[in-house]
Each structure stands twice: as structure tokens, then as C-alpha cells.
């Protein structure tokens with residue numbers, strides 16, 4: 009099972025660089041520009057991710073700190089990496105446990121290496137596989153739903 013990474017970054021160039029670097033290393037990557045959009049995705053019962061890479065300061069109602077807390081409630085073993093262009097002083101007060109922070113500008117290869125160093129637990133793989141299979145099954149069965157006029 010390929011490790012899945014959710015990237016939340018409002019600066020398009022940074023988002024693209026992170027996404028491409030992770031994809032080149034074989035990760036499945038989904039990206040959003042706001043925490044609000046990421047919360048919608050994380051609320052979907054079919055979506056599972058192993059690592060969240062999020063900017064701290066994001067447009068919209070939620071910031072990266074709030075997003076990480078929400079995501080960790082949904083996925084207790086989720087690994088979190090914060091990105092910030094601000095001071096890292098608030099990290100100790102705002103962070104979720106067992107997270108990392110990268111100060112912008114950062115070396116993208118260091119970020120990719122950090123994602124790769126996170127342990128992938130057996131139960132995470134089982135849950136991700138179950139969610140993936142459930143999603144595939146629902147997609148396949150939705151193709152066979154009766155349409156109006158099918159039985160006339």
C-alpha cells in the first residue's frame with residue numbers, strides 16, 4: 009500500500025514543489041489551498057492519509073494548527089509536518105504531539121526525507137487498505153444502480 013500524504017499550502021509554487029517531490033518518491037498526494045477544504049476531505053469516510061503536511065498560516069476560518077488537531081482526532085496515528093514562514097516559537101504551544109516543523113524557505117528533499125522517516129504502523133496499513141477497498145467497491149457498485157426507465 010502506497011503511503012498517502014495530504015498537503016495543505018496556499019502558496020501555489022511551494023505546494024507544487026512539495027507535491028511533485030513527494031510524487032517522484034512514490035507517494036499518493038492530495039493537495040488543498042485552505043484548511044477548510046482539507047477538513048471537508050478528511051471528513052469523508054473514504055479518505056485516509058498517513059501524513060499531513062500543512063502550512064501554519066492559511067486563508068479561511070481554520071489555520072494549520074487547528075487543521076492538525078482536527079486531523080489527529082480523526083486519525084490518531086497521523087504524522088504531522090508544519091510549514092511556516094513565521095517564527096517557530098508558537099510551535100511548542102500550538103503543535104500536536106510528535107510533529108515536526110520546517111521553517112520557510114526549506115530544502116524540499118529534507119521534507120521528503122522526513123516524510124519517509126515516519127513509521128508506518130501495521131494497523132494504519134490495514135485501515136487504509138480497508139478504506140481503499142470499500143471506496144473501490146462503492147465506485148464499482150454505483151455503476152450498476154438502476155436508472156429511471158431501466159425496467160420499462
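Residue numbers (our numbering): 9 to 160.
Beta carbons: idealized from backbone N, C-alpha and C, even for Gly.
On the CB-based measure, 16 or more other CB atoms within 10 Å of its CB, does residue i come out buried or exposed?
i: residue 28; result: exposed
i: residue 16; result: buried
i: residue 58; result: buried
i: residue 63; result: buried
i: residue 103; result: buried
i: residue 46; result: buried
Indicate the three-state DSSP secondary structure (helix, strand or coil) for residue i in the structure shown.
i: residue 39; result: strand
i: residue 104; result: coil
i: residue 12; result: strand
i: residue 24; result: helix
i: residue 66; result: coil
i: residue 30; result: helix
i: residue 50; result: helix
Give the straight-line distance between the Cα atoms of residue i and residue j, rounded to the nearest whole angstrom.
i: residue 72; j: residue 98; result: 12 Å
i: residue 91; j: residue 42; result: 14 Å
i: residue 33; j: residue 101; result: 32 Å
Less than 8 Å between the CB atoms is what I'm expecting for residue i and residue j, so what's the real figure, rounded?
i: residue 61; j: residue 13; result: 6 Å
Confirm, please, whether the CB-CB distance from residue j to residue i is below 8 Å.
i: residue 108; j: residue 121; result: no
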